[in-house]
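Numbers given in the working numbering equal positions in the sequence shown, counted from 1, plus 9.
Take a look at the structure below.
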Amino acid sequence: MTLKLNLDLAKRYVSEQVVRQILNYLEGNPDQNIVRMFKMIEALPVKISGGFKKVPHDMRMSYEQNPVYRTYFNSIFTDLDRNVRNRLVSNFLVNTMILSQARRDQVEAKEKIIVPMTFLIDPTSACNLKCTGCWAGAYAKHDELEPELMDRILNEAKELGIYSIVMSGGEPFLYPHLLDLAAKHNEMTFMIYTNGTRIDDAMADRLREVGNIAPAVSLEGWEEQTDARRGKGVFNQVTAAMRRLRERGIFFGASLTITSQNLELITSDPFIDFLIDQGVKFLWSFHYIPVGRQPNLGLMIRPEQRAYLAERIPHLRKNKSLPIADFWNDGELTSGCIAGGRSYFHINARGDVEPCAFAHFAVDNIRDKSLLEVLHSPFFAEYQKRQYFSDNKLRPCPIIDNPQVLRKIVQTSGAHATDDGAETLLNGEIGAFLDHNAANWKQVSDPIWDERQKNKPAADAQQVAV
């Protein structure tokens, strides 16, 4: 009761005295009001979530010092629908980054566990595409989390202080209850990975109305690359979906799978400029991992290519008005691997609770346990006691960078595979390749990491996170 009362008091303070002023700032001149808004947030007597303590200050400094960042932040004011913009600020900036930390701290102190800021959940495994190499491609296609179960999970999340949810699948927009759930839990933010083919005019209208869903549409490059992996005509469907989202002022992003074949193309100036022109407001990039449907080792990024990304992505961040995340080269920004419940975990459409979307192993199922109970998972405990897996934050991942660690975690915790192909990461041809590739990346990345540490003040000034 005391925990809930403390959170309510904090929420009332921020809601009544601050949120109204922040939203008022959103209506005025962005050149003047963005700086004022960040200064107000910096001055709040409330603990900011986890690793985001410096974010308001860094964002303000970026805005004041870099015209590229100023262009981006101003576009949030000018391009977004008013309802969408207000939901974004209220639900993500206030509820997730400011208010939720106090509640998570309370739960962590009482339960002696880590409560992550978010988690990834698949409401359905159904999908209308059959993309080559899909990480979820080996899951059964008929699994679905009932709306009552989804509602229970979201309520439990809020009780733990989690107000930001990520969804994937399958294709989440095939789940018939998706928008109704988002509307019911309208104080939460939902970021949804989608192939984009289900976003027609009616769906785009509803997204604007609900306001708290941020789609991240998947692309592999231009039409040739996207259609080769996702099916003929998909690129045109995705660009049509982005046009609908942009016209309605919806906050949306893009998700790219970086492979050995498309790496330079999708990090080229023309392609990044294309995404910005389409209205994309954030970009997630994932290095290909050989798990799921028809794993292809030839698509994995080679060490010299990954080294290229380690330079190219920071350059793009500095010079393009688009925030870009690089999984898994951004370990320095996240202090290593974020999986295993440290900052996020994954619930698949069967209810299996996995440490990561790419590590298909579990010991618990959300149908049998509460969200709080699964955070006590011995599997997660094994993950967390070994994090951060490597002192070299360019090698944060226990799958592609430290595969011997993943084997040990699975063995020690007694976790079982959640699809038929999961164990190929641990042994056989794929397991041997991961060992070899990880060893080669260590040789390439260690000198890069050492050099970064020598020049850390300069690097920090250059890579202020948007």
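Glycine included, C-beta positions come from ideal geometry on N, C-alpha and C.
On a predicted model such as this, the values are computed, not experimentally measured, just so you know.
The DSSP-derived three-state label of W293 is strand. Of I356, L380, C406 and R321, the smallest CA-CA separation from G345 is found for C406. Ranked by Cα distance from G179, the first of D152, I347 and Y172 is D152.
With a beta-carbon spacing of about 15 Å, G430 and P412 fall beyond the 8 Å limit used to define contacts.
Inter-residue distance for A237 and A316 is about 26 Å (C-alpha atoms, whole angstroms). By the Cβ-count criterion, G242 is exposed, with fewer than 16 other Cβ atoms from all chains shown falling within 10 Å of its own Cβ.
Between the C-alpha atoms of F260 and T80 there is a straight-line separation of about 16 Å.
A Cβ-Cβ separation of about 5 Å places I43 in contact with F82 under the 8 Å criterion. Straight-line measurement puts the Cα of R239 at about 15 Å from the Cα of Q270. The continuous beta strand (DSSP E) containing E363 extends over residues D361 to E363. As the crow flies, the alpha-carbon of E438 is around 14 Å from that of M309. Within a 10 Å sphere around the beta-carbon of D209 sit fewer than 16 other beta-carbons, which makes this residue exposed.
Only residues of its own chain outside the window of five on either side were considered, and among them K329, S330 and L331 have a CB closer than 8 Å to the CB of I285, listed in chain order. Shown here, T127 sits in a strand according to DSSP, grouped into three states. Distances from the CA of G288 to each of F280, E256 and K327 were compared; the closest alpha carbon is that of E256. Contact check for W231 against G262 fails: the beta carbons are separated by 9 Å or more. With a contact defined as Cβ atoms closer than 8 Å, S109 and Y202 miss out at about 22 Å.
At the C-beta level, C140 and N204 come within 9 Å of one another.
By alpha-carbon distance to E36, the top candidate from R311, S84 and A319 is S84. Considering only G350, H445, A191 and R69, the residue with the shortest C-alpha distance to E117 is G350.
Classified as exposed, L306 has fewer than 16 neighbouring CB atoms from the shown chains inside 10 Å of its CB. The residues L188, A191 and A192, in chain order, have a CB closer than 6 Å to that of V219 in the same chain once the five nearest residues on each side in sequence are set aside.
By the criterion of a C-beta distance shorter than 8 Å, D90 is surrounded in its chain by R217, G220, R257, G258 and I259, once the five residues flanking it on both sides are discounted.
P304 is classed as buried because its beta carbon has at least 16 other beta carbons within 10 Å across all chains shown.
Taking every protein chain shown into account, the CB of N401 has 16 or more other CB atoms within 10 angstroms, so this residue is buried. In the three-state reduction of the DSSP assignment, M197 falls in the coil class, being assigned neither a helical nor a strand state.
When the beta-carbon positions are compared, L318 and I267 come within less than 9 Å of each other. Annotation: C143 to S264 spans about 13 Å, alpha carbon to alpha carbon. Under DSSP, S227 takes part in a beta bridge, and its partners are S264. When DSSP reads this structure, H425 sits in a beta bridge with A371. Annotation: F388 to I333 spans about 30 Å, alpha carbon to alpha carbon. With 16 or more other Cβ atoms inside 10 Å of its own Cβ, K290 counts as buried. Ranked by Cα distance from P76, the first of K327, G360, E460 and H369 is K327. Taking the CA atoms as reference points, C365 sits about 13 Å from L434. Under the three-state reduction of DSSP, E180 is assigned to coil, being neither helix nor strand. In this model, M176 and I130 are separated by some 5 Å (Cα to Cα).
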